[in-house]
Amino acid sequence: MRRTLSLLPLLVLLTAGLNGRAAAETTIALDDFSYTDTSAEPVDQSAAHERRLQAFMVALRRDIAADPRYRLAPSVKEGAAFKVIGGIQKTSTLVQWAKVAVIDVGAKKVVMDKLYTFRGDNDESWDRAEMFVSREVMAALAASAPVALAVFDFELEDTTAAAVGASATSDASTLAEVTGSVREALGQSGRYRLVDVGPANEQAVKAHTLRDCEGCEAAIAQKLGADQSLIGVVRRVSRTEYTLGFQVRDTRTGAVLARGDSGLRLGADYSWKRGAVRLVSERLVATH
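Mapping of the sequence shown onto mature numbering (1 follows the signal peptide of the UniProt record, and there is no 0): residues -24 to -1, 1 to 264, in sequence order.
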């Protein structure tokens, strides 16, 4: 095993095979590690090394799969969001190296690339090495995993003289398009994992009045399993003037993490979708 692994070509291949992220968990593809013995010891230990490497991989997969946040996938083609690769090299009788990398497939970014040294070449030393590598990989995954985000339906605040009228059905359809487009943009960014808000049956959700509930959306989103909540509002000033706003909260504390306001814009309802996607993407995706 070489001391330095080239990861750029692999990033290109991994991205080409990405189909999407799991709806409920972050999906991980974990390849079998390679093994190289350059210790020049006189005794052939190939069989023992193969057995220990297999046990190492079984334990590593078991550790990751035991965490409810993650699900193992056979490959990136099966929808893995992260790829874990590695190799172990024995350099002398008592010294081995372990090279491990974690790749964020969607972001085309290496989020962990480390070389570890561990002493010993027996079952106990391999077990210790696996436990350490497992903790390191899990920490990298936790730090890089997409944020679970509940995007609630965008709401309309209409201050025009014809606020209630025949346009209600058209407005509802347009708002649905706005919400769908914002969800799609955030989901495809790789930074967020969308949480289904369909099960939410609180009155403020059904009445589309989350903007007036003083942050209640955070608690609702937390019950759905989200880390953060997002609500958005289209404020119609006239038939051709509107503003857009959104707010993101931490579901545990209720604290506002991000917000955005478009300022006054010109355009009929057909322009809401474009404006909302641009505003949210600029504030939540482009800045990270």
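In this text, a Cβ means the ideal position worked out from N, Cα and C, and glycines have one as well.
{"Check": "First through last residue of the alpha helix (DSSP H) which encompasses L36", "Outcome": "22 to 41"}
{"Check": "CA-to-CA distance, T229 to T155, given in whole angstroms", "Outcome": "25 Å"}
{"Check": "Span of the alpha helix (DSSP H), counted from its first residue to its last, around D103", "Outcome": "99 to 120"}
{"Check": "Candidates E131, V253, R159, D13: closest to A183 by CA position", "Outcome": "E131"}
{"Check": "CB of T216 within 7 Å of CB of A121, strictly", "Outcome": "no"}
{"Check": "Chain-order list of residues whose beta-carbon lies under 6 Å from that of V87 (same chain, five-residue window excluded)", "Outcome": "V78, D80, A116, S120"}
{"Check": "As assigned by DSSP and simplified to three states, the class of G62", "Outcome": "strand"}
{"Check": "Environment of I4 [buried if 16+ CB atoms lie within 10 Å]", "Outcome": "buried"}
{"Check": "S110 versus D39 - alpha carbon distance", "Outcome": "7 Å"}
{"Check": "Reduced DSSP secondary structure (H/G/I, E/B, other) of A194", "Outcome": "helix"}
{"Check": "Beta bridge counterpart(s) of T93 as assigned by DSSP", "Outcome": "W73"}
{"Check": "CB contact flag (E106, A35, <7 Å)", "Outcome": "yes"}
{"Check": "Span separating the alpha-carbon of D188 from that of A74", "Outcome": "54 Å"}
{"Check": "Residue burial classification, A118 (beta-carbon count within 10 angstroms, cutoff 16)", "Outcome": "exposed"}
{"Check": "N-terminal and C-terminal residue of the alpha helix (DSSP H) that D129 is part of", "Outcome": "Neither: D129 is in no alpha helix (DSSP H) and is coded neither H nor E."}
{"Check": "When T135, V158, G166, A126 are compared against T227, the one with the closest alpha-carbon", "Outcome": "A126"}
{"Check": "Simplified DSSP assignment, three categories, for A144", "Outcome": "helix"}
{"Check": "Identity of the residues DSSP links to G208 by a beta bridge", "Outcome": "F222"}
{"Check": "Presumed contact (8 Å Cβ cut-off) between K66 and S15, rounded CB distance", "Outcome": "5 Å"}
{"Check": "Residues that DSSP places opposite K85 in a beta bridge", "Outcome": "D80"}
{"Check": "Under the three-state DSSP convention, the category A16 falls into", "Outcome": "coil"}
{"Check": "Between the CA atoms of L29 and L(-7) - distance to the nearest angstrom", "Outcome": "Confidence in L(-7) is poor, its pLDDT being 39 and thus under 50, which makes the residue's placement unreliable; the coordinate value appears in the next sentence. Approximately 28 Å, taken between the alpha carbons."}
{"Check": "C-alpha distance - K59 paired with S257, whole-angstrom precision", "Outcome": "26 Å"}
{"Check": "E108 classed as buried or exposed, judged by whether at least 16 other C-beta atoms fall within 10 angstroms", "Outcome": "Residue identity check: residue 108 is Phe in the sequence provided, not Glu. It counts as exposed."}
{"Check": "Under the three-state DSSP convention, the category G236 falls into", "Outcome": "strand"}
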